[in-house]
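Input: a single structure, listed below in structure tokens.
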Amino acid sequence: MIRLLFFAHLGEQVGERQVTWPHVPDTVGKLKEEVEARYGLPLDRVMTAVNEEYARDDAPLQPGDTVAFIPPVSGG
Amino acid sequence: MTESLFAITSEPISVEDVMKKVMRPEAGAVAVFAGTVREWTNGKRTLFLQYEAYVSMAEKMLAQIGAEIAEQWPGAKTAITHRIGRLEIGDIAVVIAVSSPHRAEAYEANRYAIERIKQIVPIWKKEQWEDGSAWIGDQLETKPYPSGKPEVSE
């Protein structure tokens, strides 16, 4: 099981800011494919953080991880 | 006001409090930048802004920027506070204070900090206009995504 976090427009599209994901794919890239399919979200321009660190698509996932989908940021 | 050098808050920011965090005897300069909510952007009127953050990660990323500055400009000390929630026109969204022995480094490092915030810190703003709203979503903060998602054609 992993925890998914959706921010900004992604949270609005999913309808939840936080989701429990029972399946643990091998990599961030595979998780993105599953999430894209489940919610119809394009994630190609979205950054990903695993446990609050930016992670590439080939980064491995472990049960208990928190994965955040981070659209282009606009602070300041 | 939080004691931490790098903070996300939902309260109004005191410029002086952020500045005091970096003042010390070794420093002969403190550069302070305040980012404020602008009413007009390219002829379009903003009513107010809504800021959202991944708070725990955003504070870590702000601290990372402080570490990058300390490495690049030895002797520079940085404090950054960013506000989230609903902000009105003229409100302060972010305050960056950098102290250093001499002014040149303080100015340069302060500029570096705001540019890095726009690249790596998970904070988003949603524009509320007279005729609608949109998340502002690129690093130059100029491109709205009216469909709520990035356009494929980019």
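Protein chains in written order, with the working numbering: chain A, 365 to 440; chain B, 38 to 191.
We put the beta carbon where it would ideally sit given N, CA and C, even for glycine.
In the structure shown, the three-state DSSP call for B:A90 is strand.
Here the stretch 120–140 of chain B makes no contact with the stretch 373–386 of chain A; the two share fewer than three CB pairs at distances below 8 Å.
Chain order gives the chain A residues near B:I173 as S438, where near means a beta carbon separation below 7 Å. In the DSSP assignment, B:M56 falls outside any beta strand (DSSP E) and lies within the alpha helix (DSSP H) extending over V52 to K57. Contact annotation: B:I117 and B:A66 have beta-carbon atoms that are not nearer than 8 Å. Taking 8 Å as the CB threshold, B:S170 stays off the interface with chain A. In this structure, the straight-line span from the alpha carbon of A:V410 to that of B:P62 is close to 44 Å. Closest option to B:M98, judged by alpha-carbon separation, among B:L42, B:G174, B:E164 and B:W172: B:L42.
Comparing alpha carbon positions, the residue from A:R402, A:P436 and A:P427 closest to A:Y418 is A:P436. The C-beta distance from A:V378 to A:V414 rounds to 18 Å, too long to meet the 8 Å contact threshold. Within the same chain, and ignoring the five residues on either side of B:A107 in sequence, the residues whose Cβ sits closer than 8 Å to its Cβ are A113, K114 and T115. Among the CB atoms of chain B, one or more fall inside 8 Å of the CB of A:I434. B:K155 has a beta carbon lying within less than 8 Å of a beta carbon in chain A. In the DSSP annotation of this structure, the continuous segment of the alpha helix (DSSP H) that includes A:V392 starts and ends at V392 to Y403. Against chain B, the CB of A:F370 has no partner CB under 8 Å away; the residue lies outside that interface. The residue among B:K58, B:F70 and B:T39 with its C-alpha nearest the C-alpha of B:A146 is B:F70. As the crow flies, the alpha-carbon of A:A372 is around 7 Å from that of B:E89. Contact annotation: the stretch 73–83 of chain B does not touch the stretch 422–432 of chain A, with fewer than three C-beta pairs closer than 8 Å. For the C-beta of B:I129, not a single chain A residue is nearer than 9 Å; the gap to the nearest is close to 11 Å. Sorting B:G72, B:I50, B:E40 and B:A64 by C-alpha distance to the C-alpha of B:K58 places B:E40 at the top. Listed as beta-bridge partners of A:Y418 by DSSP are A:A413.
DSSP places B:V69 within a strand segment (E or B) once states are collapsed to three.
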